[in-house]
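Remarks on the structure that follows.
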Amino acid sequence: MTPTFYEVMRQQGITRRSFLKFCSLTAASLGLGAGGATKIAHALETKPRVPVVWLHGLECTCCTESFIRSAHPLASDLVLSMLSLDYDDTIMAAAGHQAEAALEDTITRYKGKYILAVEGNPPLGDDGVFCIPGGRPFVDKLRRVAKDAAAVVAWGSCASWGCVQAARPNPTKATPIHQVIDNPVVKVPGCPPIAEVMTGVVTYIVTFGRLPELDRQGRPKMFYSQRIHDKCYRRPHFDAGQFVEAWDDRGAREGYCLYKMGCKGPTTYNACSTVRWNEGVSFPIGSGHGCIGCSEDGFWDKGSFYDRLTNIKEFGIEANADRVGATVAIVAGAAVAAHAAVTAIKRARSAKSNEKVEK
Amino acid sequence: MAVIETQGFRLDNSGRRIVVDPITRIEGHLRIEVNVDAKNVITNAVSTGTMWRGLEVILKGRDPRDAWAFTERICGVCTGVHAIASVRAVEDAIGIKIPDNANIIRNLMHATLYAQDHLVHFYHLHALDWVDVVSALNADPRRTSELAQSISAWPHSSIGYYRDLQSRLKRFVESGQLGPFKNGYWGHPGYKLPPEANLMAIGHYLEALDFQREIVKIQTIFGGKNPHPNWLVGGVPSPIDLDSPGAINMERLNMVARIIGETIAFIDQVYIPDLLAIASFYKDWAKWGGGIASQNVLAYGEFPDIANDDSNKSLLMPRGAILNGNLKEVQPVDLKDMNEIQEFVPHSWYKYADESKGLHPFDGVTEPEFVLGKNTKGTRTNIENVDESAKYSWVKTPRFRGQPMEVGPLARYVVAYAMGRPEFKEPVDMVLKKLDVPLPALFSTLGRTAARGLECSWAAHKMKYFYDKLIANIKAGQLATANVDNWEPRTWPAECKGVGYCEAPRGALGHWIRIKNAKIDNYQCIVPTTWNAGPRDGKSQIGPYEAALMNTPMAKPDEPLEVLRTIHSFDPCLACATHVISPEGKRIATVQVR
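The listed protein sequences derive, respectively, from chains A and B.
Position one of the first sequence corresponds to residue 38 (our numbering), numbered consecutively onward.
Position one of the second sequence corresponds to residue 470 (our numbering), numbered consecutively onward.
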């Protein structure tokens, strides 16, 4: 027999006490009241792997592709041993009626117990006809499946913020999922998110029986609480005033800071400079291109990817000790100001983007 | 609908109607409806793209140097193909010549995608059409091992390996939670593999899932991440300096070399032997699914061996078209000829002033119009059956000199075969001989799937070729990876236009850009799945998907395995196919039910 959810948790070193706490938290979040926790505990002890329903709206499937790049855990281990991926149009064997039946069976049989993962977003323009899998608007499917989900995960910038199809002028009225469903949403932004960030979020939920700690915008703090700039290995060059001035120049070959080439690392919250990509092989800055800020809300509409973040005047590279010292002071000041301004704007924006769309 | 005769097919929608929606194991959202006669043979096929994102209007007014990042997000499965087409379009418009190293690195990254994408398509999107997971439980691990060792030197083939795999699979099935295998068509009479071949294929399904992660690391080395690596107008962003810790250096190059070696080994020792072994049990499928492949195929060509030269002298994968099945004459293709490539919309949810005419993408117009025909069953937000006599898809209908064209690996192999290019002709002849089938067998579901496998191997070996070229350049002191002469918009002409071609894994891809005052004035893409999945044209000519489904017998129409086999053989990508919109950004969507 495949181990049950409870057995898997025990194998991962989770105590029975923590397990029961998870059950009562889940029960409370579902509004099941007294006795609900016992029911959930019983279900999880007898029912094996956590069912996952993975829906696709308007998207490009980069999140799925990223997910299967995960090195720890391997996607195959996750899907075969820890979860039960009962519905996912991209990889499931069944199609058409048999696929729809698999979805209905999962959300009925595991009512209140399945995780909903959403890749892409619903277009609300024109009654939702811009995305009609199964002949019906995607937004209806999303709301129906979300209704009885134990937890909802928004994969990538599409589900979290809207992403490219929501860039100005957003022709289809593509809308992030938290604006159309009532559930709390764990946002895992990025275009796509890093593979190990995605599997890290899922295994955290399954292993520790609770949602990871989230920031005000609903992003897991373990991956999104620091700027790429904060942990960038090229940061010392920024501080020393050593910049790439043109593509493939001497500074580029030395691996200097890409700030002047438009790098958005100083305003982007993500784990690229710590977790890195594809089993730690590199990340955008590590391969010579600035960060384009793909995990930030509305990053498509913040000017060119090659525009500098602020108007810091050019200054000499390693001119002399005094000059560099002065440079550092200026840069640090400007950078702090930029950070502060961006953070303030972000707060204002997040307050706005958390508003629900009327149903 | 009365019976329609077109292109040698007889379309008759009087029989029972079967709907398959969603078509799963593809990128994006696709619906297929077919009619079957009393003998369950398909007599009519209807392909409907069910999503639309409108990316081109979003591009209007933006910096052309940013366009690669936007268009790259058209598709995350064939990641990078739109970026390549985009940077080429901008470079063509402005007249930027990229350095040789940049050309080689782009080729290497692109070949990397071919290897990974074709591999994932075969094992994770297509294999379950041929491989019965449940049957593998009855396999004898010893005989599975013998089978595996008889067809390949791949080391993971011991009795113990297959015994362990089978017991894992058994535990999985007995848990009652089949996950992605839930409600599959297990036990369907269409499955022909013996249990041992099924078990072997499942082993390789899992190995390929783990291995594909390795292949893409080459894109990560040069582009910083995958999916969606970074590209650059004028070259590539990653500089080369063997003596620097901050650039492509010996350690990075060694990693590339190691991955290339492993990729060649996996494809030649796992994918190709599996493909041939599985195909030998499904030779019937050399009779079905050909569609228009034996008539019209199109390839824009790819992998320029000479930087900035897209003539057939330079293209390692040639450009050309075959019309009316005439393999003796390969037609030239000109992406800028206003009369050659055009898009039509009489059956698409868009509006033209004159829908009897097509538009070249330089002048493309796309005004959404979600209108359902009077014979539609259901409502506009709950469609039961579409009406193919009216508008029925978010995909447009592209035509080459008025003809529907198949694109993709099979099309590329047919064009290259017709041109007598040995790298393509010899492997095709080898496979035909091995399976003991004649040349026309190529024009089929099986032929399409086989061509993709051969191409995957071709691409893997080309990765090595590009790597060696890069090393030779570095040895000769050539380090440049970017041409920045025209980086600044002030150096650009006030108005210009250009085309970016690409052969994506799924087929011919083109981007057409107009730039005005350093901003994008017009951007249009015609993508592979638009060619293949597009609806009928005004003359009722059917496209590749619809044609390929025609006349296929279905064993159990309620379990549409045969539809999946043929549609999957094209490797659909609907997010690509359905994103176009007018440069004018006219009013979005006028909706009415007739």
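For every residue, glycine included, the Cβ atom is placed at its ideal position computed from N, Cα and C.
All values reported here derive from a predicted model rather than from experimental measurement.
- By the Cβ test, the segment 813 to 828 of chain B is in contact with the segment 1003 to 1019 of chain B, since at least three Cβ pairs between them sit closer than 8 Å.
- Take the alpha-carbon of S332 of chain A and the one of V201 of chain A: they are about 12 Å apart.
- Inclusion of L804 of chain B and Y970 of chain B in the CB contact set at 7 Å is warranted, their separation being smaller than that value.
- The three-state reading of DSSP puts K148 of chain A in coil, since its state is none of H, G, I, E or B.
- In its chain, beyond the 5 residues on either side, S707, I717, R721, M724 and V725 have a beta carbon closer than 8 Å to the beta carbon of I690 of chain B.
- Residue pairing for Y992 of chain B: DSSP places it in a beta bridge opposite B:I982.
- When CB distances to chain B are screened at a threshold of 9 Å, the residues of the segment 79 to 109 of chain A falling below it are K84, P85, R86, P88, V89, H93, G94, L95, E96, C97, T98, C99, C100, T101, E102, S103, I105, R106, S107 and A108, in chain order.
- Nearest Cα to P221 of chain A within the set A:T212, A:V190 and A:Q279: A:V190.
- DSSP links L784 of chain B through a beta bridge to B:P773.
- DSSP lists B:V510 as the beta-bridge partner residues of P1022 of chain B.
- In the DSSP assignment, L908 of chain B falls outside any beta strand (DSSP E) and carries neither an H nor an E.
- Of the candidates A:C269, A:R54, A:M235 and A:L161, A:L161 places its Cα closest to the Cα of R180 of chain A.
- Beta-bridge partners assigned by DSSP to K224 of chain A: A:A191.
- The DSSP-derived three-state label of W757 of chain B is coil.
- DSSP places Y970 of chain B in the strand class (E or B) of the three-state scheme.
- Measuring C-alpha to C-alpha distances from F320 of chain A to each of A:I265, A:P170 and A:R345 identifies A:I265 as the nearest.
- Classified as buried, S555 of chain B has 16 or more neighbouring CB atoms from the shown chains inside 10 Å of its CB.
- In the DSSP assignment, E502 of chain B falls within the beta strand (DSSP E) that extends over L499 to V505.
- With distances taken between CA atoms, C925 of chain B lies nearest to B:I684 out of B:I684, B:G789 and B:V855.
- In this structure, the straight-line span from the alpha carbon of F831 of chain B to that of A558 of chain B is close to 12 Å.
- Where F478 of chain B is concerned, the enclosing beta strand (DSSP E) starts and stops at F478 to L480.
- Unbroken alpha helix (DSSP H) stretches of 4 residues or longer found wholly inside the segment 84 to 136 of chain A: 99 to 104, given in chain order.
- For a cut-off of 8 Å, the C-beta gap from V243 of chain A to L120 of chain A is around 7 Å, short enough to register as a contact.
- Check the Cα spacing between E141 of chain A and each of A:P88, A:Y343, A:Y270 and A:T305: the tightest is with A:P88.
- Contact note: F750 of chain B does not reach chain A at a C-beta cutoff of 9 Å; the least C-beta distance is about 19 Å.
- Within chain B, the residues A538 have their CB atoms less than 7 Å from the CB of I329 of chain A, given in chain order.
- Annotation: S262 of chain A to E250 of chain A spans about 10 Å, alpha carbon to alpha carbon.
- Counting the other Cβ atoms within 10 Å of the Cβ of H579 of chain B gives 16 or more, which makes it buried.
- Apart from sequence neighbours up to five positions away, the residues of its chain that approach F735 of chain B with a beta-carbon distance below 7 Å are F680, ordered along the chain.
- Our two residues, T998 of chain B and K58 of chain A, have alpha carbons roughly 50 Å apart in a direct line.
- The beta-bridge partner set that DSSP reports for Q800 of chain B consists of B:A790.
- With respect to chain A, the C-beta atom of P696 of chain B has a partner C-beta closer than 7 Å.
- Rounded to the nearest angstrom, the Cβ distance from A74 of chain A to I492 of chain B is 41 Å, too far for a contact under 8 Å.
- Under the three-pair Cβ rule at 8 Å, the segment 617 to 634 of chain B counts as touching the segment 729 to 747 of chain B.
- The beta-carbon of R173 of chain A is placed less than 7 Å from the nearest beta-carbon of chain B.
- If you draw a straight line from the Cα of V116 of chain A to the Cα of E643 of chain B, it comes to about 16 Å.
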